[in-house]
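Trainee:
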């Protein structure tokens, strides 16, 4: 029953049906192709799932016009154009936000600092790659390339995959939770240290004390003009 299958599908949480990766989106013998969530379902973190699905449909329409409805050519070219975008969508959704609190905090600080300087000196500091998704007509594969070259995706991938692997090992009984208590304690202390440092850095009172202290030192060390 299609209705029953549909109800089961939509009743599932996104995390139980997400992260679909495909090496190609077409089948010439079946004369069929995949697009939208069937090709690249992922988490809704960056809010580009529907946009990418619409881009798939637009690309298919354009290819049908370019190749005069030659289905075989259309299918081959569709995969060539859209697989990189679909996989970029999935990777950007999962590997630009860290499951480690301290790493995620640093990512947010860096992104907001980048945005701060971009607003004030845009001629020198360009738009952050992830924010460019929402302000410019930019392909996700281009954003993925930039985020990879910045080292963000490789570092987050290493952390996230490690955390998922650890979770699997604990759930499956390969290791016990006690084995990881020491490491978790260290990570908690590190996270507390980072949060405290950031709070001090942006605290107005702290900055005020520094300004007053610096001013007093300058006045004490300055020579009289007359």
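In my numbering, the protein residues as written are 3 to 228.
Backbone N, C-alpha and C define an ideal beta-carbon position, used for all residues, glycine too.
#1: Does the Cβ of residue 121 have 16 or more other Cβ atoms within 10 Å, making it buried, or fewer, making it exposed?
#2: Considering only C-alpha positions, which residue in the set 23, 194, 28 is nearest to residue 45?
#3: For residue 135 and residue 50, I'd like the C-alpha separation in whole angstroms.
#4: Spatial neighbours of residue 158 within its chain, please: CB distance less than 6 Å, with the 5 preceding and 5 following residues excluded, ordered by chain position.
#5: In terms of residues, what are the limits of the alpha helix (DSSP H) holding residue 126?
#6: Drop a sphere of 10 angstroms on the beta-carbon of residue 178, count the other beta-carbons inside from all chains shown, and report buried for 16 or more, exposed for fewer.
#7: I need the DSSP call for residue 152, collapsed to helix, strand or coil.
#8: Is the beta carbon of residue 33 sitting closer than 8 Å to the one on residue 73?
#9: Within the segment 57-121, note down every full alpha helix (DSSP H) run reaching 4 residues or more, in order along the chain.
#10: In angstroms, rounded to a whole number, what distance separates the CA positions of residue 27 and residue 194?
#11: In the DSSP output, which residue or residues are listed as bridge partners for residue 236?
#12: For residue 119, count the other beta carbons within 10 Å of its own beta carbon; 16 or more makes it buried, fewer makes it exposed. Which is it?
#13: Quick one: what does DSSP say residue 47 is sitting in, helix, strand or coil?
#14: To the nearest angstrom, how far is it from the Cα of residue 172 to the Cα of residue 165?
#15: Please classify residue 87 as buried or exposed, where buried requires at least 16 neighbouring CB atoms within 10 angstroms.
#16: Report the CB separation of residue 141 from residue 130 in whole angstroms; it is logged as a contact under 8 Å.
#17: Which of helix, strand or coil does DSSP assign to residue 23?
#18: Using a 10 Å radius around the Cβ and a threshold of 16 neighbouring Cβ atoms, would you call residue 80 buried or exposed?
#19: Give the C-beta separation of residue 132 and residue 145 to the nearest angstrom, bearing in mind that I take them to be a contact with Cβ-Cβ under 8 Å.
#20: Could you give the distance in angstroms between the alpha-carbon of residue 147 and the alpha-carbon of residue 62?
#21: Measure the beta-carbon distance from residue 169 to residue 92 and round it to whole angstroms, keeping in mind my assumption that it falls under 8 Å.
#22: Flag this pair as yes or no: are the beta carbons of residue 52 and residue 94 separated by less than 8 Å?
#23: Between residue 215 and the rest of its own chain, which residues show a CB-CB distance below 8 Å, the 5 nearest in sequence each way excluded?
Mentor: Let's see:
#1: The residue in question, residue 121, is exposed, as its Cβ has fewer than 16 Cβ neighbours within 10 Å.
#2: Here the closest residue by C-alpha is 23.
#3: For residue 135 and residue 50, the distance between alpha carbons rounds to 9 Å.
#4: Correct list, in chain order: 97, 100.
#5: From DSSP, residue 126 is part of no alpha helix (DSSP H); its letter is neither H nor E.
#6: Here residue 178 is exposed, its C-beta having fewer than 16 other C-beta atoms within 10 Å.
#7: Secondary structure at residue 152: coil, using DSSP grouped into helix, strand and coil.
#8: Closer than 8 Å, so yes.
#9: If you keep only unbroken alpha helix (DSSP H) runs of at least 4 residues inside the segment 57-121, you get 73-97.
#10: Each residue's Cα considered, the two are about 45 Å apart.
#11: Outside the shown range of the chain, which is 3 to 228, sits residue 236, and nothing can be said about it.
#12: Exposed, by the Cβ-count rule.
#13: Residue state, collapsed to three classes: coil.
#14: Residue 172 and residue 165: Cα-Cα distance of roughly 11 Å.
#15: Buried is the label assigned to residue 87, since at least 16 other Cβ atoms lie within 10 Å of its Cβ.
#16: Contact between residue 141 and residue 130 does not hold, since their C-beta atoms are separated by about 16 Å, which reaches or exceeds 8 Å.
#17: Of the three classes helix, strand and coil, the one that applies to residue 23 here is coil, per DSSP.
#18: Under a 10 Å Cβ-count criterion, residue 80 is classified as buried, with 16 or more other Cβ atoms of the shown protein chains found around its own Cβ.
#19: Residue 145 and residue 132 do touch by the CB rule: their CB atoms are close to 7 Å apart, below 8 Å.
#20: Distance between the alpha carbons of residue 147 and residue 62 is about 24 Å.
#21: Contact between residue 169 and residue 92 does not hold, since their C-beta atoms are separated by about 20 Å, which reaches or exceeds 8 Å.
#22: For residue 52 and residue 94, no; Cβs fall outside 8 Å.
#23: Residue placement at residue 215 is flagged as unreliable, the pLDDT there being 44, under the threshold of 50; a coordinate-derived value is accordingly withheld.
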